[in-house]
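Visitor: My questions all concern the structure below.
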Amino acid sequence: MIKLLSHLSYVAITTPDVEASVDFYVNKVGLTVVDRIDGAVYLRCWGDYYAYSVVVVPGDEASLETMAWRTSSAEALDEAAKRIEAAGVEGEWVEVPQIGRAYRFTGPYGHSMTLHWDVTRHHDTTGAASIYPDRPSRRSTVAGAPRQLDHVTVAASDVDGFAKWYNDVLGFRIMARTVLDEAPISVFSVLTTNEKSHDLGVVLDGSSRAGRVNHYAFWSDTREEVLIAADVLMEQGYPIEYGPSIHGIGEQVFLYYREPSGLRIELNTGGYRNYVPDWEPNTWKPSLGSNNFYRNGAMPMSMTESFPPADGPSATEEGVPDEIKHALLNPYAEQGRG
Numbered sequence: 034m035i036k037l038l039s040h041l042s043y044v045a046i047t048t049p050d051v052e053a054s055v056d057f058y059v060n061k062v063g064l065t066v067v068d069r070i071d072g073a074v075y076l077r078c079w080g081d082y083y084a085y086s087v088v089v090v091p092g093d094e095a096s097l098e099t100m101a102w103r104t105s106s107a108e109a110l111d112e113a114a115k116r117i118e119a120a121g122v123e124g125e126w127v128e129v130p131q132i133g134r135a136y137r138f139t140g141p142y143g144h145s146m147t148l149h150w151d152v153t154r155h156h157d158t159t160g161a162a163s164i165y166p167d168r169p170s171r172r173s174t175v176a177g178a179p180r181q182l183d184h185v186t187v188a189a190s191d192v193d194g195f196a197k198w199y200n201d202v203l204g205f206r207i208m209a210r211t212v213l214d215e216a217p218i219s220v221f222s223v224l225t226t227n228e229k230s231h232d233l234g235v236v237l238d239g240s241s242r243a244g245r246v247n248h249y250a251f252w253s254d255t256r257e258e259v260l261i262a263a264d265v266l267m268e269q270g271y272p273i274e275y276g277p278s279i280h281g282i283g284e285q286v287f288l289y290y291r292e293p294s295g296l297r298i299e300l301n302t303g304g305y306r307n308y309v310p311d312w313e314p315n316t317w318k319p320s321l322g323s324n325n326f327y328r329n330g331a332m333p334m335s336m337t338e339s340f341p342p343a344d345g346p347s348a349t350e351e352g353v354p355d356e357i358k359h360a361l362l363n364p365y366a367e368q369g370r371g
């Protein structure tokens, strides 16, 4: 298979209060507004190379409207569309602002994905050009502001099935997975289109609502910037949901917080790079530190919540069955540390 996809290019999210979310992204996170079209607001991080990387769209609840990947060539875009349709999924060709021709489809687990080759590269016209030629704009003056968009993690009813479909059809490399200590149930997997540990993650979703998202993430240059961002957010009344700490899978320093709609955002840095073309994914367990590298604490229950809210009588409020939730949240109980 030729390499179809290059990297995550933007995410579009919905929120009931666009202006509250935009104010947060600009004044607390350090993003910049670059355009407003039909009620949607287009923003970018200071180090993103394209016109925008986050689109905030009006909606009744917090959700992921679409996640976009740039292909490796114009030919790869057409080939990707053919392979998607050969797999039984019918998409459509759409026009995307400052991108143009793109192919949008809804995958078998309900998530919208937009593929494109054409882009508009960012060229500063506001007086914020960097003195360094390779930087698309000057570093943000907001303390702890991320350099770039990094990854998105969705929720699906079958973690391994999700990973296999995106691997088989679009060539995502499966990098690692987490299986519960108590039972052979896959609860997490990470995939990538490049050398990063992941730019697409998937967590187990026990709800009956397809197409949900757990979080999306930004990238900072250093661990110290992640710590500063945590400090700034806390000082301004935005509590930290989880972290700062280090994931075992990927080995990134992480920090989780919420934007005004309730949607979860991760800020991360560090981690490894993996260039192995025939990489065989390893299987982790929570007790091995898949989520917490130091194995000295469990994540808060709120982290099992995905968006939009779950529905259906067989699901808990967050969409994760109680027995799985207990195993995830108490991975060290047998060692006396749960």
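Going by the numbering used here, the sequence shown opens with residue 34, and the numbers climb by one from there. From the three backbone atoms N, C-alpha and C, an ideal C-beta is built for every residue, glycine too.
With a floor of 4 residues, list each alpha helix (DSSP H) that falls wholly inside the region 145–207, ordered by position along the chain.
Guide: 192–203
Visitor: Going by CA-CA distance only, name the one from D344, A120, A135, H280 that's closest to F221.
Guide: H280
Visitor: Please report the straight-line C-alpha distance between S54 and I46, rounded to a whole angstrom.
Guide: 10 angstroms
Visitor: Which of helix, strand or coil does DSSP assign to V265?
Guide: helix
Visitor: In angstroms, rounded to a whole number, what distance separates the CA positions of A161 and T174?
Guide: 11 angstroms
Visitor: Assuming I103 and V152 are in contact, meaning their beta carbons sit under 8 angstroms apart, how far apart are those beta carbons, in whole angstroms?
Guide: Note on residue identity: the sequence assigns Arg, not Ile, to residue 103. Between V152 and R103 the Cβ distance is about 6 angstroms, and since that is below 8 angstroms, they are a contact.
Visitor: Whose CA, out of V185, S39, V122, lies closest to the CA of Y391?
Guide: Since the first residue of the chain shown is 34 and the last is 371, residue 391 is not available in this structure.
Visitor: By DSSP, does D56 sit in helix, in strand, or in coil?
Guide: helix
Visitor: Quick check: the region 293–304 against the region 189–202, are there 3 or more CB pairs under 8 angstroms?
Guide: Cβ pair count under 8 angstroms is below three, so no.
Visitor: Taking only the alpha-carbon atoms, compute the straight-line gap between K318 and P217 and give it to the nearest angstrom.
Guide: The straight-line gap from Cα to Cα measures roughly 10 angstroms.
Visitor: When we look at the beta-carbon of I35 and count the other beta-carbons within 10 Å, is it buried (16 or more) or exposed?
Guide: exposed
Visitor: Would you kindly report the start and end of the unbroken alpha helix (DSSP H) that includes A343?
Guide: Per DSSP, A343 lies in no alpha helix (DSSP H) and is assigned neither H nor E.
Visitor: Between the C-alpha atoms of I118 and Y142, what's the straight-line distance to the nearest angstrom?
Guide: Looking at the sequence shown, residue 118 is not Ile but Glu. Their backbone Cα atoms lie some 15 angstroms apart in a straight line.
Visitor: Would you decide whether E338 is buried or exposed? Buried here means 16 or more other CB atoms lie within 10 Å of its CB.
Guide: buried
Visitor: To the nearest angstrom, report how far apart V59 and E228 are at their CA atoms.
Guide: Approximately 30 angstroms, taken between the alpha carbons.
Visitor: Roughly how far, in whole angstroms, is the beta-carbon of T225 from the beta-carbon of F205, given that I think they are within contact range, below 8 angstroms?
Guide: Indeed, because the Cβ distance is near 7 angstroms, the residues count as touching under 8 angstroms.
Visitor: When the Cα atoms are used, what is the spatial distance from N144 to R245?
Guide: The residue asked about is misnamed: residue 144 is His in this sequence, not Asn. Looking at the two C-alpha atoms, the distance is approximately 7 angstroms.
Visitor: Locate the alpha helix (DSSP H) running through R116, then write down its first and last residues.
Guide: Looking at the DSSP string, the run of the alpha helix (DSSP H) that includes R116 is 107–119.
Visitor: Alpha carbon to alpha carbon, how far is S240 from Y165?
Guide: 48 angstroms
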